[in-house]
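Here's the structure, in structure tokens; my notes come after.
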Ligand SMILES: C[S@@+](CC[C@H](N)C(=O)[O-])C[C@H]1O[C@@H](n2cnc3c(N)ncnc32)[C@H](O)[C@@H]1O
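In our numbering, the protein residues as written are 2 to 333.
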């Protein structure tokens, strides 16, 4: 019942058929099966190859942002999320009793996720705005889902934005944008990609993302589902960009994967994700992160753990997930 009400922790069974369309959108075609570089496989490939529909988790986190945007204490800044989610969620969130029921279901399945997602929105917003104000010329969003920053943040209106996502999810997103706003943002290039079959380097080349321009990569809610090797391939691809470019991402503490009993909620969270066929595959050691990034051509700028993330939740009485961290790094 709870799972049917709000299918957290996995792709929704209610993946919708995606109509063709979007011919007027600046969409970058990327040749499939180009394997010159090392393809990013794993999570993406396993989940999406057997799933012709869009990502359900992309909508789930957008629903949480939409709910938290209505929360007078949490105040998630994503006021556009509600316009991008499916009508039944949108209508439900407008009714306080239904909203309370959805959040109750969310807390049963993933305690702390609701608060974590809001801390994440605020943290990522702060980093990306700071990067653009200090000179970043383009933004690359890996696994964009229902990210609304291109509409929401004025700073993103004057820079090139590339949203990379699986074709089905990208189509869904553009359809939702047209329905909500009448058009897609003019400065965004949508890059349909299947990371399971394509290398990130090749995709960025085909989309003509200039490596000599200072770039900020946004990698939100994706890295934990990749293998260690896939995470490193992505970091290496980012490090090929001009010095000063950066990446902001969230990750699991590897300790919570190795010894989940030491982290409140981690064991249950891992179990649920694995049962849904979407296991957490990798984490990073927060204490060794700086060295790890250095080995991949990046310099750690900030590494925020649960305690720091709770500062984004002040007054709510909620705490973030005890095992998730956020990091900001720059190309050296
Ligand atoms: C958990 S969602 C996160 C969405 C967004 N970053 C956010 O935080 O709201 C993961 C994203 O990865 C994308 N994705 C999944 N499989 C993919 C694949 N094979 N190729 C490209 N993108 C994929 C999904 O479409 C989805 O947008």
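For glycine and all other residues, C-beta sits at the position ideal for the given N, C-alpha and C.
Checking the 7 Å criterion, the Cβ of residue 329 is out of range of every heavy atom belonging to ligand 1. Under the three-pair Cβ rule at 8 Å, the stretch 88 to 98 counts as touching the stretch 63 to 71.
Note on residue 107: 16 or more other CB atoms within 10 angstroms of its CB, so buried under the neighbour-count rule. Residue 299 has 332 as its beta-bridge partners, per DSSP. Counting along the chain, the unbroken beta strand (DSSP E) around residue 139 starts and ends at 139 to 143. When the Cα atoms are used, residue 82 and residue 177 turn out to be separated by approximately 10 Å. The shortest C-alpha to C-alpha distance from residue 322 to any of 329, 330 and 312 is the one to 312. A Cβ-Cβ distance of about 5 Å is found for the pair residue 329 and residue 249, placing them in contact under the 8 Å criterion. When Cβ pairs closer than 8 Å are counted between the two stretches, the stretch 218 to 228 is seen to touch the stretch 249 to 262, the count reaching three or more. Scanning 57, 239 and 71 for the CA closest to the CA of residue 300 turns up 239.
A residue is called buried when at least 16 other Cβ atoms come within 10 angstroms of its Cβ; residue 97 does not meet this threshold and is exposed.
Remark: the C-beta of residue 196 is in contact range of ligand 1, defined as less than 7 Å to any heavy atom.
Going by C-alpha positions, residue 77 is about 35 Å away from residue 296.
For residue 119, the enclosing alpha helix (DSSP H) has its first and last residue at 114 to 134. Taken through DSSP and simplified to helix, strand or coil, residue 223 comes out as coil. For residue 124, the closest alpha carbon among the candidates 304, 181 and 73 is that of 304. In this structure, the straight-line span from the alpha carbon of residue 242 to that of residue 212 is close to 5 Å. About 5 Å separates the beta carbon of residue 316 from that of residue 74, a gap short enough to meet the 8 Å contact definition. In this structure, residue 279 has its beta carbon at no less than 7 Å from each heavy atom of ligand 1. Counting other Cβ atoms within 10 Å of its Cβ, residue 158 stays below 16 and is therefore classed as exposed.
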